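Take 7 as the starting number for the sequence shown in this note's numbering and just add one per residue. Using N, Cα and C, we set each Cβ at its ideal position, and we do this for glycine too. Keep in mind the model is a prediction, meaning the values are calculated, not measured. All remarks here apply to the structure that follows.
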Amino acid sequence: MTAKMEFKGKDIDEAINKACARFSVPREKLNIEIVSTGSTGIFGLCKKKAIIQVSQKEQINLQTKSKNRPSQDDSPSTSTKRKKREIKDRDAAVAAPKSATEKPVADHEKTKSTSRQQVAVPSPEVIDYLKINLHRLLELMGFPSEISVSEKDNKIFLQISSDFNDKLTSKDGQLLDSLQYLLRKMISAKFPLRVLFSIDADNFRETRRTSLIEQAKKLAVEAKETGKTKTIPPLNPAERRIVHMTLQDDKTIRSRSVGDGLFKKILIYLPGKGKKRPSRRRKGKEVNQARKSSPNK
Numbered sequence: 007m008t009a010k011m012e013f014k015g016k017d018i019d020e021a022i023n024k025a026c027a028r029f030s031v032p033r034e035k036l037n038i039e040i041v042s043t044g045s046t047g048i049f050g051l052c053k054k055k056a057i058i059q060v061s062q063k064e065q066i067n068l069q070t071k072s073k074n075r076p077s078q079d080d081s082p083s084t085s086t087k088r089k090k091r092e093i094k095d096r097d098a099a100v101a102a103p104k105s106a107t108e109k110p111v112a113d114h115e116k117t118k119s120t121s122r123q124q125v126a127v128p129s130p131e132v133i134d135y136l137k138i139n140l141h142r143l144l145e146l147m148g149f150p151s152e153i154s155v156s157e158k159d160n161k162i163f164l165q166i167s168s169d170f171n172d173k174l175t176s177k178d179g180q181l182l183d184s185l186q187y188l189l190r191k192m193i194s195a196k197f198p199l200r201v202l203f204s205i206d207a208d209n210f211r212e213t214r215r216t217s218l219i220e221q222a223k224k225l226a227v228e229a230k231e232t233g234k235t236k237t238i239p240p241l242n243p244a245e246r247r248i249v250h251m252t253l254q255d256d257k258t259i260r261s262r263s264v265g266d267g268l269f270k271k272i273l274i275y276l277p278g279k280g281k282k283r284p285s286r287r288r289k290g291k292e293v294n295q296a297r298k299s300s301p302n303k
């Protein structure tokens, strides 16, 4: 009996198509057992793939046995050679579908990773998806709002107008950043190309940009005057880019991001000052060694 193999896909049809490609037979010649139908998740997140177990139907094996049965006119040596040749051909046939299925998957993943770098031209479908889901998220948060949309340079700008804008923009706009992060995950699961968009309320993004530029310049001056490294608290990638771009033309100062995760701190320091200093333990060890090697006791 043919051993069962497991296949996964975004839905049952995709999983069955993978199985057909693997065995090089139509679905009518396969025994298919559905393990899980999968799920679309919530807001397109937490999706579960469909899973099936597949084996070839016995009639294919019977046909193979009939082909392998030697005729009465065949001599033992001829029959043995034929069996060896058929086994070799069968092994090659089994290996071929595997490589044939692996190659499209690799090409698909390559195309998918490349398409992530390509920016999608805003379409009515993408704009409606962003607007509708942002509206739903705000309602679930208890912040019913009106949302207006504009476009510039292939980027979509979503402007929130409500009585809760002060809460949305508090704590340096953490709620806005969280909404934008969640919506980005949702839309990347829905559309293949990268979608550029920004969520704003009461023109917070521009005000925040101006504030970060002023802060970066101020800390750069202080670092030059005192020679000490200055730190900006954790920022998201877009805000870190604003700081780095502000200081990139000043050759007398340096800036770099430190930390793990999405939010990282920025260090502003003089050239040569950003190197890691020896620990106190190591420093004390060097002093003790210097004392021991000294000729005066």
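Run of the beta strand (DSSP E) containing LYS270, from where it starts to where it stops
As a position in the sequence shown, residue 270 is number 264, starting the count at 1. Note, LYS270: beta strand (DSSP E), 270 to 275.
The region 173 to 185 touching the region 205 to 212, judged by at least three CB pairs closer than 8 Å:
Verdict: yes, contact present.
Could you tell me which whole alpha helix (DSSP H) segments of length 4 or greater appear in the region 132 to 174?
For the region 132 to 174, whole alpha helix (DSSP H) runs of length 4 or above, ordered along the chain, are 171 to 174.
Quick check on the burial criterion: 16 or more other C-beta atoms within 10 angstroms. Buried or exposed for MET192?
The residue you call residue 192 lines up with position 186 of the sequence shown. Under the 10 Å beta carbon count, MET192 is surrounded by 16 or more other beta carbons and is classified as buried.
Can you find the residues in the same chain that come closer than 8 Å, C-beta to C-beta, to ALA304, ignoring five residues on each side of it along the sequence?
Nothing about residue 304 can be read from this structure; the chain reaches only from 7 to 303.
Are THR252 and ALA222 close, meaning C-beta to C-beta below 8 Å?
On the sequence shown, position 246 is the one that residue 252 refers to. On the sequence shown, position 216 is the one that residue 222 refers to. Yes. Within cutoff.
When DSSP builds the beta bridges, which residues end up paired with ASN37?
Position 31 of the sequence shown, counted from the start, is the residue given in the question as residue 37. Partner(s): SER61.
Compare the Cα-Cα distances from VAL264 to each of GLN254, LYS161, LYS236 and report the closest residue.
Here residue 264 is taken as the residue at index 258 of the sequence shown, counted from 1. Checked all of GLN254, LYS161, LYS236; the closest Cα to VAL264 is LYS236.
In the DSSP assignment, what residue or residues form a beta bridge with ASP206?
Residue numbering aside, residue 206 sits at position 200 when the sequence shown is read from its first letter. ASP206 is bridged to GLN165.
Where ALA195 sits in the DSSP three-state scheme:
Here residue 195 is taken as the residue at index 189 of the sequence shown, counted from 1. Of the three classes helix, strand and coil, the one that applies to ALA195 here is helix, per DSSP.
Run through DSSP, which three-state label would THR258 get?
To locate residue 258, count along the sequence shown from 1; it is residue 252. In this structure, DSSP gives THR258 a state outside helix and strand, which the three-state scheme calls coil.
Assuming ASN242 contacts ASP159 (C-beta within less than 8 Å), just tell me the rounded distance between them.
Stepping through the sequence shown from its first residue, residue 242 is reached at position 236. Stepping through the sequence shown from its first residue, residue 159 is reached at position 153. Contact flag wrong, Cβ pair sits at about 20 Å.
DSSP three-state call for SER217: helix, strand or coil?
Within the sequence shown, numbered from 1, the residue matching residue 217 stands at position 211. It is helical.
Exposed or buried, which one is ILE238 when buried takes at least 16 other CB atoms within 10 Å?
If you number the sequence shown from 1, residue 238 lands on position 232. That one is buried.
How is PRO240 classed by DSSP in three states: helix, strand or coil?
What you label residue 240 is simply residue 234 of the sequence shown in a count that begins at 1. If DSSP states are grouped into helix, strand and coil, PRO240 belongs with the strands.
Find out if the Cβ-Cβ distance for the pair LYS173, PHE203 is shorter than 8 Å.
Here residue 173 is taken as the residue at index 167 of the sequence shown, counted from 1. Here residue 203 is taken as the residue at index 197 of the sequence shown, counted from 1. If you check the CB distance, LYS173 and PHE203 do not come in under 8 Å.
Buried or exposed for ALA25, please, with buried defined as at least 16 other CB atoms from any protein chain shown within 10 angstroms of its CB.
Within the sequence shown, the letter at position 19 stands for residue 25. Residue environment analysis places ALA25 among the buried positions, since at least 16 neighbouring C-beta atoms fall within 10 angstroms of its C-beta.
Taking the alpha-carbon positions, what's the GLU34 to SER61 distance?
If you number the sequence shown from 1, residue 34 lands on position 28. If you number the sequence shown from 1, residue 61 lands on position 55. Each residue's alpha carbon lies about 11 Å from the other.
Please report the distance separating the alpha-carbon of GLU228 from that of LYS234.
For the purposes of this step, residue 228 is taken as residue 222 along the sequence shown, with counting starting at 1. For the purposes of this step, residue 234 is taken as residue 228 along the sequence shown, with counting starting at 1. Near 8 Å, if we compare the C-alpha coordinates of LYS234 and GLU228.
Which stretch, first to last residue, makes up the beta strand (DSSP E) that contains LYS24?
Residue numbering aside, residue 24 sits at position 18 when the sequence shown is read from its first letter. For LYS24, no beta strand (DSSP E) run applies; the uninterrupted alpha helix (DSSP H) run containing it begins and ends at 18 to 29, by DSSP.
Note down the Cα distance separating ASN171 from LEU164, rounded to an integer number of angstroms.
Locating residue 171 in the sequence shown gives position 165, counting from the first residue. Locating residue 164 in the sequence shown gives position 158, counting from the first residue. Distance between the alpha carbons of ASN171 and LEU164: 13 Å.
In this structure, what does DSSP give as the bridge partners for GLY15?
Your numbering for residue 15 matches position 9 in the sequence shown. In the DSSP output, where bridge partners are listed per residue, GLY15 has ALA56.
Does DSSP classify ASP184 as helix, strand or coil?
Taking the sequence shown and counting its residues from 1, the one referred to as residue 184 is at position 178. A small correction: the amino acid at residue 184 is Ser; Asp does not occupy that position in the sequence shown. When DSSP states are grouped into helix, strand and coil, SER184 belongs to the helix group.
Since I believe LEU189 is in contact with LEU136 (beta carbons under 8 Å), could you give me their beta-carbon distance rounded to a whole number of angstroms?
Indexing the sequence shown from 1 puts residue 136 at position 130. Indexing the sequence shown from 1 puts residue 189 at position 183. Indeed they touch by this definition, with Cβ atoms about 7 Å apart.
Check SER129 in the structure and name its three-state DSSP category.
What you label residue 129 is simply residue 123 of the sequence shown in a count that begins at 1. In the structure shown, SER129 falls within a coil segment according to DSSP collapsed to helix, strand and coil.
Counting only the same chain and skipping the five closest in sequence on each side, list residues whose C-beta sits under 6 Å from that of HIS250.
Taking the first residue of the sequence shown as 1, we reach residue 250 at position 244. Leaving aside the five residues that flank HIS250 on each side, the residues in its chain whose CB is nearer than 6 Å to its CB run, in chain order, SER261.
Among HIS141, GLU145, LYS270, nearest to SER154 - alpha-carbon criterion
Residue numbering aside, residue 154 sits at position 148 when the sequence shown is read from its first letter. Ranking HIS141, GLU145, LYS270 by Cα distance to SER154 puts HIS141 first.
Beta-carbon gap between GLU152 and SER167 smaller than 8 Å:
Here residue 152 corresponds to residue number 146 of the sequence shown, with the count starting at 1. Here residue 167 corresponds to residue number 161 of the sequence shown, with the count starting at 1. One thing to note: GLU152 has its Cβ within 8 Å of the Cβ of SER167.
Taking only the alpha-carbon atoms, compute the straight-line gap between TYR275 and ARG211 and give it to the nearest angstrom.
Numbered from 1 along the sequence shown, position 269 holds the residue referred to as residue 275. Numbered from 1 along the sequence shown, position 205 holds the residue referred to as residue 211. Their backbone Cα atoms lie some 26 Å apart in a straight line.
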